[in-house]
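In terms of numbering that gives the first Met the number 0, the sequence shown opens at residue 0 and continues consecutively.
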Amino acid sequence: MTTVPRISYARSADGVSLAFTTAGHGPALVFVPWVPFSNLRMEWQSALLGGIFERLARRLTVIHYDGRGTGHSQRDVTDLSLEAMVADLLAVVDRVGAAQVNLLGQYNSCPHAIAFAARYPERVTRMALFGGSARGWNAMSATQTQALLSLIEQDWNTFADTAGHLWMGWAAGEAGRDVAEAIRGAVTPQVARATMQAASAVDVTELVPGVAAPTLVLHRRGMTQIPVDVPRSLAEHLPRGRLVILEGDQATLFKADPDVAADLLVAFFCDGIESAAETAPPAPTAEAGRLAATPLSRRELEVLRLLAAGDSNRQIARHLGLSPHTVERHVANLYRKIGARGRADATAYALRSGLA
Numbered sequence: 000m001t002t003v004p005r006i007s008y009a010r011s012a013d014g015v016s017l018a019f020t021t022a023g024h025g026p027a028l029v030f031v032p033w034v035p036f037s038n039l040r041m042e043w044q045s046a047l048l049g050g051i052f053e054r055l056a057r058r059l060t061v062i063h064y065d066g067r068g069t070g071h072s073q074r075d076v077t078d079l080s081l082e083a084m085v086a087d088l089l090a091v092v093d094r095v096g097a098a099q100v101n102l103l104g105q106y107n108s109c110p111h112a113i114a115f116a117a118r119y120p121e122r123v124t125r126m127a128l129f130g131g132s133a134r135g136w137n138a139m140s141a142t143q144t145q146a147l148l149s150l151i152e153q154d155w156n157t158f159a160d161t162a163g164h165l166w167m168g169w170a171a172g173e174a175g176r177d178v179a180e181a182i183r184g185a186v187t188p189q190v191a192r193a194t195m196q197a198a199s200a201v202d203v204t205e206l207v208p209g210v211a212a213p214t215l216v217l218h219r220r221g222m223t224q225i226p227v228d229v230p231r232s233l234a235e236h237l238p239r240g241r242l243v244i245l246e247g248d249q250a251t252l253f254k255a256d257p258d259v260a261a262d263l264l265v266a267f268f269c270d271g272i273e274s275a276a277e278t279a280p281p282a283p284t285a286e287a288g289r290l291a292a293t294p295l296s297r298r299e300l301e302v303l304r305l306l307a308a309g310d311s312n313r314q315i316a317r318h319l320g321l322s323p324h325t326v327e328r329h330v331a332n333l334y335r336k337i338g339a340r341g342r343a344d345a346t347a348y349a350l351r352s353g354l355a
């Protein structure tokens with residue numbers, strides 16, 4: 000198990016306490032926290048992420064902090080706005096004493112990194128972004144993502160288990176369980192819900208032209224949660240942006256070929272080397288194979304997808320032109336076939352099977 004660096008604290012402009020760690024030597028690299036699921040202690044103790052942090056720390060000063068309301072930072076917060084998140088990043092950078100930093104943003108933290116880079120161009124050397132967009136909704140609007148987020152309302156434990164294995168891969172075993180446990184320890188369902196709602200409304204499009212730092216926009220070839228057009232558009236509008244397509248279909252930066260991703264970042268942040276990775280669109284998905292493997296009928300699949308999207312039985316009936324009684328029968332049948340006890344289980348099955 001990787002040793003967790005000593006936890007220190009910074010204080011944001013509104014008085015919120017932020018937990019952070021530093022490790023290594025070299026140019027500063029800030030992991031802008033992927034709110035609301037940051038948990039620096041458990042991430043350092045993860046067999047996968049702890050090894051990545053140590054690898055990066057051989058040539059970089061790795062600065063890692065928990066977002067407000069999560070992990071070891073102050074939990075009782077009400078302001079989850081973009082302004083608060085950017086102020087938090089500034090507070091940590093100032094507390095560390097770094098005149099200039101590199102930024103790594105992932106998912107919800109990408110707009111925070113973009114806003115910081117645009118407002119403080121003299122303090123950002125380079126930036127890498129994975130799984131994000133200038134508009135929060137663009138990176139969260141996919142049916143699969145919305146189905147996953149609906150589980151926060153339905154069953155928190157099922158959400159954590161599903162999210163952990165969805166992000167790490169369904170065959171991840173212990174790694175998926177570790178991520179699920181980190182999610183449970185990172186945040187309450189109430190703060191998770193409020194943070195995701197705030198993140199979906201963020202739009203920093205007007206700030207993108209003001210980003211002076213060279214920026215790598217990273218995407219995985221087989222990743223279906225976010226269409227490649229989203230990162231491609233972001234890269235095209237950044238003054239010094241470049242889209243880099245990585246191999247694999249995992250929804251995480253470091254799960255597939257972690258050494259490749261780590262080496263790419265070190266070369267970029269330390270030496271300014273921009274990857275020559277292929278920038279072709281993702282390969283076609285294996286939709287036909289997934290459909291062939293399911294025990295559900297075509298109509299049951301239609302019902303399952305609408306159910307996973309959050310529609311009520313009555314809404315499903317209107318959408319498909321069926322009676323509510325017929326929809327109830329289809330729901331009961333598909334529950335029986337997949338062993339689901341309710342909507343949360345059925346939604347988790349749809350995500351696990353790639354059907355949502």
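Ideal Cβ placement from N, Cα and C applies to all residues, glycine included.
*asked:* To the nearest angstrom, how far is the alpha carbon of Tyr-64 from that of Ser-37?
replied: Going by the C-alpha atoms only, they are around 8 Å apart.
*Answer yes if the region 78-94 comes into contact with the region 38-47, meaning at least three C-beta pairs across the two stretches below 8 Å, and no otherwise.*
At 8 Å Cβ cutoff, the stretches do not touch.
*For Asn-38, which three-state DSSP category applies?*
Reduced to three states, the DSSP call for Asn-38 is coil.
*Asp-344 to Thr-157 span [Cα, whole Å]*: Straight-line measurement puts the Cα of Thr-157 at about 7 Å from the Cα of Asp-344.
*asked:* Suppose contacts are defined by Cβ-Cβ distances below 9 Å. Is Phe-115 in contact with Leu-147 by that definition?
replied: No, Cβ-Cβ distance for Phe-115 and Leu-147 is not below 9 Å.
*Does the distance from the C-beta atom of Met-222 to that of Ala-250 stay below 9 Å?*
Yes, the Cβ-Cβ distance between Met-222 and Ala-250 is below 9 Å.
_Looking only at its chain, what residues have a beta carbon closer than 6 Å to the beta carbon of Met-139, apart from the 5 residues adjacent to it on each side?_
Counting only Cβ-Cβ distances below 6 Å, and skipping sequence neighbours, we find Ser-199.
*Classify Ile-337 as buried or exposed, calling it buried when 16 or more other Cβ atoms lie within 10 Å of its own Cβ.*
Under the 10 Å beta carbon count, Ile-337 is surrounded by 16 or more other beta carbons and is classified as buried.
_For Ile-51, report the span of its beta strand (DSSP E) as first-last._
From DSSP, Ile-51 is part of no beta strand (DSSP E) but of the alpha helix (DSSP H) over 46-56.
*Within its chain, find whatever has a CB closer than 6 Å to the CB of Leu-333; leave out the 5 residues flanking it on each side and keep chain order.*
Counting only Cβ-Cβ distances below 6 Å, and skipping sequence neighbours, we find Leu-295, Glu-299, Leu-303.
*Which residues bound the alpha helix (DSSP H) around Ile-367?*
Any answer about residue 367 is impossible in this case: the structure gives the chain only from 0 up to 355.
_So, with DSSP's three-state summary, where would you put Phe-115?_
Look at Phe-115 here: in three-state DSSP terms it is helix.
*Take Tyr-348 as the anchor and find which of Ala-162, Ala-112, Phe-129 has the nearest alpha-carbon.*
Selected option, being the one with the closest Cα: Ala-162.
*Hey, Ile-62 and Val-92: beta-carbon distance below 9 Å or not?*
Yes, Cβ-Cβ distance for Ile-62 and Val-92 is below 9 Å.
*With DSSP collapsed to three states, give me the class of Gly-175.*
If DSSP states are grouped into helix, strand and coil, Gly-175 belongs with the helices.
*If you check the beta carbons only, do Val-259 and Leu-245 fall under 9 Å apart?*
In terms of Cβ geometry, Val-259 and Leu-245 form a close pair [threshold 9 Å].
*Cβ neighbour criterion (16 or more within 10 Å) applied to Thr-372*: Lying outside 0 to 355, the shown extent of the chain, residue 372 is not represented and no answer is given.
*Proximity below 9 Å, CB of Gly-104 to CB of Ala-117*: In this structure, Gly-104 lies away from Ala-117, with their beta-carbon atoms at least 9 Å apart.
*Exposed or buried, which one is Ser-322 when buried takes at least 16 other CB atoms within 10 Å?*
It is exposed - the Cβ of Ser-322 has fewer than 16 other Cβ atoms within 10 Å.
*Proximal residues to Asp-154 (C-beta, below 6 Å), its chain only, five neighbours per side dropped*: So the list reads Ala-343, once near-sequence residues are dropped.
_Looking only at its chain, what residues have a beta carbon closer than 8 Å to the beta carbon of Arg-351, apart from the 5 residues adjacent to it on each side?_
Same-chain partners within the cutoff: Thr-161, His-164, Leu-165, Trp-169.
*Helix or strand or just coil, what does DSSP make of Asn-298?*
Correcting the residue type first, residue 298 is Arg in the shown sequence and not Asn. Taken through DSSP and simplified to helix, strand or coil, Arg-298 comes out as helix.
*Does DSSP classify Ala-250 as helix, strand or coil?*
Secondary structure of Ala-250 (DSSP, three-state): coil.
*Across which residues does DSSP place Arg-101 in a beta bridge pair?*
According to the sequence displayed, residue 101 carries Asn and not Arg. Its beta-bridge partners are Leu-28.
*Considering only C-alpha positions, which residue in the set Gly-320, Gly-184, Pro-213 is nearest to Ser-72?*
With respect to the C-alpha of Ser-72, the residue from Gly-320, Gly-184, Pro-213 having the closest C-alpha is Gly-184.
*Could you tell me which of Leu-306, Tyr-8, Ser-108, Pro-238 sits nearest to Ala-339, measuring between CA atoms?*
Sorting Leu-306, Tyr-8, Ser-108, Pro-238 by C-alpha distance to the C-alpha of Ala-339 places Leu-306 at the top.
*Determine, using beta-carbon pairs with one atom in the region 203-220 and one in the region 176-190, whether at least three such pairs fall under 8 Å.*
Fewer than three Cβ pairs drawn from the region 203-220 and the region 176-190 lie within less than 8 Å of each other, which leaves the two stretches out of contact.
*Would you kindly work out how many angstroms separate the C-alpha atoms of Gly-240 and Tyr-119, rounded to a whole number?*
The alpha-carbon atoms of Gly-240 and Tyr-119 are separated by roughly 17 Å.
*Using three-state DSSP, classify Ile-337 as helix, strand or coil.*
Helix, per DSSP.
*Could you have a look at Ser-232 and say whether DSSP puts it in helix, strand or coil?*
In the three-state DSSP reduction, Ser-232 falls in the helix class (H, G or I).
*Span of the alpha helix (DSSP H) holding Val-85?*
Secondary structure note for Val-85: its alpha helix (DSSP H) is the uninterrupted segment 81-95.
_Coarse secondary structure for Asp-154, derived from DSSP in three states_ = Three-state result, Asp-154: coil.
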